[in-house]
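Please read the structure below before turning to the comments.
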Amino acid sequence: MAKKGKKYSEALAKVDRTKKYTIEEAVELVKSISFEKFDASMELAFNLNLNPRKAEQNLRGALVLPHGTGKTKRVLVFARGEKAQEAKDAGADYVGEDDLIEKIKEGWFEFDVVIATPDMMATLGKIGRLLGPKGLMPNPKTGTVTMDIAKTVEDSKGGKITYRVDKFGNILVVFGKVSFDTPKLVDNYNTILETIRKARPSTVKGIYMKNVSVSSTMGPGVKVEVVKNK
Numbered sequence: 035m036a037k038k039g040k041k042y043s044e045a046l047a048k049v050d051r052t053k054k055y056t057i058e059e060a061v062e063l064v065k066s067i068s069f070e071k072f073d074a075s076m077e078l079a080f081n082l083n084l085n086p087r088k089a090e091q092n093l094r095g096a097l098v099l100p101h102g103t104g105k106t107k108r109v110l111v112f113a114r115g116e117k118a119q120e121a122k123d124a125g126a127d128y129v130g131e132d133d134l135i136e137k138i139k140e141g142w143f144e145f146d147v148v149i150a151t152p153d154m155m156a157t158l159g160k161i162g163r164l165l166g167p168k169g170l171m172p173n174p175k176t177g178t179v180t181m182d183i184a185k186t187v188e189d190s191k192g193g194k195i196t197y198r199v200d201k202f203g204n205i206l207v208v209f210g211k212v213s214f215d216t217p218k219l220v221d222n223y224n225t226i227l228e229t230i231r232k233a234r235p236s237t238v239k240g241i242y243m244k245n246v247s248v249s250s251t252m253g254p255g256v257k258v259e260v261v262k263n264k
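In the numbering used here, the protein residues as written are 35 to 264.
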């Protein structure tokens, strides 16, 4: 732990904590101070002026990143008949019904995304208490309850991410890998920024984005200057 602490401190010393960097500067800085021995994820954190206890301010949604996240997600689909075949053809890792529900009840969680057709949702209620806390329960707001199975599977295997505000008004998402070229990370960042900006509830007064920062998986955060931050 001491070794990790030393590397973190050394990385932190290279960050001007009083400054807000342009996204290009921030990405370059995070890449240069990343000390992980693996290809770390690039993380984007928003601190928003929201009260998630108000329904209209409890932001949740999904979007597709133009350059993906650098990770291929394992997709599980609950569907029957033609839709089940559609899921298999689109590249879903697991497709099934009650058989998969029983596996999950036994503690199996070798997947990252769960998609379901609307007719399967009543059946999925049996494992809602298992999927819900892990953020895996299909939801129409994130596009994971759908009849458009093929596109949803393809998006999920590629660059689709979901976001949800926590009780403190924070949203944390992955927007690539340290190994990505800076222009690709900037494109992904801008896509997320515009999505969050457009999702601003009409009931929010004053500054909406109180703080935006980027970091690598284990590295310190670097504050980003947000143009037209209203």
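We treat Cβ as the ideally placed atom computed from N, Cα and C, and that holds for glycine.
In the DSSP assignment, the beta strand (DSSP E) including residue i goes from what residue to what residue?
| i | result |
| --- | --- |
| E131 | Premise fails: E131 is in no beta strand (DSSP E) and is neither H nor E. |
| V109 | 109-112 |
| S249 | 243-250 |
| I161 | Neither: I161 is in no beta strand (DSSP E) and is coded neither H nor E. |
| V147 | 147-150 |
Rounded to the nearest angstrom, what separates residue i and residue j at their Cα positions?
| i | j | result |
| --- | --- | --- |
| N92 | E77 | 21 Å |
| D73 | K211 | 6 Å |
| E44 | E62 | 16 Å |
| Y128 | R51 | 45 Å |
| E120 | T216 | 36 Å |
| D146 | L206 | 17 Å |
| V248 | L82 | 15 Å |
| G166 | N204 | 19 Å |
| K122 | K54 | 46 Å |
| M171 | S75 | 24 Å |
| G130 | V64 | 41 Å |
| V220 | I183 | 30 Å |
| K117 | I149 | 11 Å |
What does the Cβ neighbour count give for residue i, buried or exposed, with the cut at 16 atoms within 10 Å?
| i | result |
| --- | --- |
| D189 | buried |
| I67 | buried |
| M35 | For M35, the pLDDT reaches just 36, beneath the cut-off of 50, and the residue's location in the model is therefore unreliable, although a value from the coordinates is still provided. M35 is exposed by the Cβ-count criterion. |
| T106 | exposed |
| S306 | No answer is possible for residue 306: the residues shown for the chain start at 35 and end at 264. |
| T103 | buried |
| A89 | exposed |
| A47 | exposed |
| A156 | exposed |
| T176 | buried |
| S236 | exposed |
| M181 | exposed |
| K194 | buried |
| G240 | exposed |
List the endpoints of the continuous alpha helix (DSSP H) containing residue i.
| i | result |
| --- | --- |
| K218 | 216-232 |
| A121 | 115-123 |
Answer with yes or no whether the minimum CB distance from residue i to chain D is below 8 Å.
| i | result |
| --- | --- |
| G39 | Here chain D cannot be found, since the structure has a single protein chain. |
Name the DSSP beta bridge partners of residue i, please?
| i | result |
| --- | --- |
| G95 | Y197 |
| S75 | K211 |
| K139 | BP columns for K139 are empty, so no partner. |
| V258 | Y55 |
| F80 | I205, V246 |
| V179 | A150 |
Among the options, whose alpha-carbon lies nearest the alpha-carbon of residue i?
| i | options | result |
| --- | --- | --- |
| P86 | T56, K201, S75 | K201 |
| Y242 | I230, S249, M252 | I230 |
| W142 | I149, A150, D133 | D133 |
| L28 | K71, L99, V64 | With the chain covering only 35 through 264, there is no way to say anything about residue 28. |
| A113 | V238, K239, V179 | V179 |
| N222 | I183, N245, V238, G192 | G192 |
| K160 | K71, I138, K244, Y42 | I138 |
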